[in-house]
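Single-structure report; data block below.
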């Protein structure tokens, strides 16, 4: 079971800012994933991602589909200066998260609840209120 504390520890090891109650889990839409950056090639093989929104940018961490653990090699940080917009489009059972950047667009399906991540639902509500 993934805990938000695990995301904090992962980002702290990489010297990336972490914002409490601002982590969610998203599923990538590969056909819309146009953000071209070297290290993301590994992340493309992943499906689920932990996403943390902070004052310095957006951290995206691949999750191992079998274990649910954070993957060291599947990591992308988008600095705040590169983010042009963040939108949540409401769907019937989920949201579509679109992160537009100066280099392209990242798109994720974000379920309203996530099994194994009890903090996800409350954090999603917090993020939606802040946008």
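Numbering (our numbering), first residue to last: 627 to 757.
Cβ coordinates follow ideal geometry from the N, Cα and C atoms, glycine included.
From a predicted model like this one, the values you see are computed outputs, not experimental measurements.
Asked: Selected residue, minimal CA-CA separation from residue 708, among 629, 726 and 714; Found: 726
Asked: The segment 635–646 contacting the segment 681–701, beta-carbon criterion three pairs below 8 Å; Found: yes
Asked: Buried/exposed call for residue 719, threshold 16 Cβ in 10 Å; Found: exposed
Asked: Three-state class that DSSP yields for residue 646 in the structure shown; Found: coil
Asked: 8 Å contact criterion, which residue 694 and residue 628 should meet: CB distance rounded; Found: 5 Å
Asked: Given residue 705 as reference, the closest of 742, 716, 728 and 690 once Cα atoms are compared; Found: 728
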